[in-house]
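Peer 1: Chains as they are written, first to last, in our numbering: chain L, 5 to 322; chain S, 636 to 916.
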């Protein structure tokens, strides 16, 4: 029995759309740009109600990032929307020079990230984006876990100052964080435990909730921390939890190189060495398929998390 | 607008050229060729055409804004900003040295007054300028946005994304200029990757296009005044500005070899001798 119940099933991108629409109502300086994916990014409501603040850029993502950087001059808060692949890899240099290095208040909002994009396949399933974005000085990086948290994170970005990357996805997914507080940079301890800490973000938080139920049946006590903000990283929460549990498993829908696992391992190696296992895509491209089948094939299922936990606990006991 | 004081503007252009060669000589690096070629354009913009405030404010509401996309010509921009009162002229001597606000390529990171976006990686400035011009419209600010690019830079795809976008969206408070000197690092633009009929390209993209000589101060001022007259009629404006790379220093003129090379002591003396200025400071 999972400790959290899905109150609904919705896509995280719709959480972004709802949050953006709410921001449009709250703040007349919020503007939105989209590169020909308005429906996919769920930006229609914003476009309908605030047409003078919505900018269709066409299939020209490099220009979209530059426009957004320019729009901060004069006080606007631009939110750009396209798929995660085109939000990062395609425009890395534009983000680096015109946004991050220039310290511009641009919010890069990226949908269809990771394997759960599904049938479109590896050309679109970016698994390197978090790494690219977290490497940039002054960039905030957030990977929310469900509809409610994506909406909360989007709204929070409206009053955050500085460049930020918000990563979400395509599939309908359990909603389970309704009413939970969200603060950029503050980890959310969802389950208390003592044998192992699971750090997860994005769609993998729900996978971890399911894994926790299976582990509880085996008598393993899991502490689950939703590490939605990869940068700035909540170092204190990581150290406090692992001090208690003595080992960690990280779970992310991203390459094993460069993501959440790297960030957690770096903190532990520096301050408090402990065994870490990483549930992530193992240096490979994805492929076409159903989201859940892909998660299973590439080692991101609840069973993979269970196996990683059992392995890390054995390592702890040496 | 008041009549231009050509005598004063010409002296300023000479002074700025002296600054450019001394700056690149001082750190033995930087890009003198394009900087010298664009000197009249910078003088015209900052000392006659633009409404701007040296007490710099990032948002620049109610002011004309200027973006340099070909950031490697930073020496001419830094000298112009200093001479226009944005910061102390003495700071020019720190160009490209450690802990300077005058980075090799322009940046906002060190908070140098006058700079609104980093540039250096080519092709990005027109997009930024178009974004800020859109915001001027949203804010009911009737001032203009100017942008300078290089001709070699026209080889970057993003330039044409921005070209298409600005015309489609009638960003007619945007006045862009291309430094059309025909040279890039590896050689003449025609040999490296020919732009063919550049004017026809911009016309086809839906811009109002005019041409003028960028090394004749009168022509530059008339050209930019005319650009303002052409603006706000539904189309963005493009100035194809013919210049000589290295203009003002005979041995640097007309060759790509001085794109990114600094003069030695003897070459500096020869350059300064050609750039006589009674009130050098």
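The beta carbon of each residue, even a glycine, is placed where N, CA and C say it ideally should be.
All figures in this text were calculated on a predicted structure; none of them were measured in a lab.
#1: Kindly list, in the order they appear in chain S, the residues whose Cβ is closer than 7 Å to that of residue 67(L).
#2: With a threshold of 8 Å between beta carbons, is residue 91(L) in contact with chain S?
#3: Assign residue 838(S) to buried or exposed, taking buried as 16 or more other Cβ atoms, counted over all protein chains shown, within 10 Å of its Cβ.
#4: Considering only residues of the same chain and omitting the five flanking positions on each side of residue 320(L), which have a CB-CB separation below 6 Å?
#5: Compare the Cα-Cα distances from residue 770(S) to each of 131(L), 271(L), 74(L) and report the closest residue.
#6: Decide if residue 165(L) is buried, meaning its Cβ has at least 16 other Cβ atoms within 10 Å, or exposed.
#7: Compile a chain-ordered list of the residues in the region 874-890 of chain S whose CB is closer than 8 Å to at least one CB of chain L.
#8: Quick one: which residues of the region 736-752 of chain S get their C-beta closer than 8 Å to a C-beta of chain L? List them in chain order.
#9: Below 8 Å on C-beta distance, what does residue 900(S) contact in chain L?
#10: Count the other CB atoms within 10 Å of the CB of residue 676(S); is the residue buried (16 or more) or exposed (fewer)?
#11: When you compare the CB positions of residue 93(L) and residue 113(L), do they come within less than 8 Å of one another, or not?
#12: Is the distance from the Cβ of residue 712(S) to the Cβ of residue 724(S) below 8 Å?
#13: Helix, strand or coil: how does DSSP classify residue 707(S) here?
#14: Closest by CA to residue 81(L), which one among 8(L), 163(L), 46(L)?
#15: Looking only at C-alpha atoms, which of 802(S), 760(S), 692(S), 901(S) sits nearest to residue 840(S)?
#16: Please state if the CB of residue 20(L) and the CB of residue 154(L) are separated by a distance shorter than 8 Å.
#17: Find the residues of chain S that neighbour residue 75(L), judging by a C-beta separation of less than 8 Å, and give them in chain order.
#18: Jot down the residue ranges of each uninterrupted beta strand (DSSP E) in the region 639-706 of chain S, minimum 3 residues, whole runs only, in chain order.
#19: By the 10 Å Cβ neighbour count, where 16 or more other Cβ atoms means buried, how is residue 819(S) classified, buried or exposed?
#20: Beta-carbon separation of residue 228(L) and residue 216(L) under 8 Å?
#21: What do you get for residue 700(S), buried or exposed, if any count of 16 or more other CB atoms within 10 angstroms of its CB means buried?
#22: Would residue 742(S) and residue 105(L) qualify as a contact pair, given that the criterion is a beta-carbon distance under 8 Å?
#23: Note the first and the last residue of the continuous alpha helix (DSSP H) segment covering residue 235(L).
#24: Going along the region 95-113 of chain L in order, which residues come within less than 7 Å of chain S, judged by CB to CB distance?
#25: If you measure from the beta carbon of residue 784(S) to each beta carbon in chain L, is any gap under 8 Å?
#26: Less than 8 Å between the beta carbons of residue 843(S) and residue 870(S), yes or no?
#27: Once DSSP output is grouped into helix, strand and coil, what is the label at residue 738(S)?
#28: Along chain L, which residues have their Cβ under 9 Å away from the Cβ of residue 756(S)?
#29: Which two residues bound the contiguous alpha helix (DSSP H) that contains residue 71(L)?
#30: Might you give, ordered along the chain, the residues of its own chain that have their beta carbon closer than 6 Å to the beta carbon of residue 789(S), omitting 5 neighbours on each side?
#31: Taking the DSSP output, what are the residues bridged to residue 282(L)?
#32: Give the residues of chain L in contact with residue 694(S), contact being defined as C-beta atoms less than 8 Å apart.
#33: Pick out whichever of 268(L), 188(L), 91(L) has its Cα sitting closest to the Cα of residue 136(L).
#34: Comparing the C-beta of residue 833(S) with each C-beta of chain L, is any distance below 8 Å?
#35: For residue 619(S), name the three-state secondary structure that DSSP assigns.
#36: Excluding the five sequence neighbours on either side, which residues of its own chain have a C-beta within less than 6 Å of the C-beta of residue 12(L), listed in chain order?
Peer 2: Reading it off the structure:
#1: Under the 7 Å cutoff, chain S gives 762, 793, 796, 797, 800.
#2: It does not: the Cβ of residue 91(L) has no partner Cβ on chain S nearer than 8 Å.
#3: Under this definition residue 838(S) is an exposed residue.
#4: Only 250, 251, 279 meet the Cβ criterion.
#5: Taking each of 131(L), 271(L), 74(L) in turn and checking the Cα distance to residue 770(S), the smallest one comes out for 74(L).
#6: Exposed is the call here.
#7: The residues in question: there are none.
#8: For the region 736-752 of chain S, which is checked against every Cβ of chain L, the residues closer than 8 Å are 742, 743, 744, 751, 752.
#9: Correct list: empty, because the minimum Cβ distance to chain L is about 34 Å.
#10: Flag for residue 676(S) reads buried.
#11: In terms of Cβ geometry, residue 93(L) and residue 113(L) do not form a close pair [threshold 8 Å].
#12: Using a Cβ distance threshold of 8 Å, residue 712(S) and residue 724(S) do not count as a contacting pair.
#13: In the structure shown, the three-state DSSP call for residue 707(S) is helix.
#14: Restricting attention to 8(L), 163(L), 46(L), the CA atom closest to the CA of residue 81(L) is found in 163(L).
#15: For the residues 802(S), 760(S), 692(S), 901(S), the minimum Cα distance to residue 840(S) belongs to 802(S).
#16: Going by C-beta atoms, residue 154(L) is nearer than 8 Å to residue 20(L).
#17: Using a Cβ-Cβ cut-off of 8 Å, residue 75(L) is close to 766, 767, 769, 770 of chain S, given in chain order.
#18: Complete beta strand (DSSP E) runs here, min 3: 700-703.
#19: Counting Cβ neighbours within 10 Å, residue 819(S) comes out buried, since at least 16 surround it.
#20: The answer is yes: Cβ separation under 8 Å.
#21: It counts as buried.
#22: Yes, they are a contact pair.
#23: It is not in any alpha helix (DSSP H) - residue 235(L) instead sits in the beta strand (DSSP E) that spans 233-235.
#24: Close to chain S, meaning a Cβ-Cβ distance shorter than 7 Å, are the following residues of the region 95-113 of chain L: 97, 98, 101, 102, 105, 106, 107.
#25: It does not: the Cβ of residue 784(S) has no partner Cβ on chain L nearer than 8 Å.
#26: Remark: C-beta atoms of residue 843(S) and residue 870(S) approach each other more closely than 8 Å.
#27: In the structure shown, residue 738(S) sits in coil (DSSP, three-state: anything other than H, G, I, E or B).
#28: Those are 97, 98, 100, 101, 102, listed as they occur along chain L.
#29: Judged by DSSP secondary structure, residue 71(L) falls within the alpha helix (DSSP H) whose first and last residues are 65-75.
#30: Cβ neighbours of residue 789(S) beyond the five flanking positions: 830.
#31: Under DSSP, residue 282(L) forms a beta bridge with 254(L).
#32: Listed by position along chain L, the residues whose Cβ is nearer than 8 Å to that of residue 694(S) are 77, 78, 79.
#33: Closest by C-alpha distance to residue 136(L), out of 268(L), 188(L), 91(L), is 91(L).
#34: No, because no Cβ of chain L sits closer than 8 Å to the Cβ of residue 833(S).
#35: Nothing about residue 619(S) can be read from this structure; chain S reaches only from 636 to 916.
#36: So the qualifying residues of the chain are 179.
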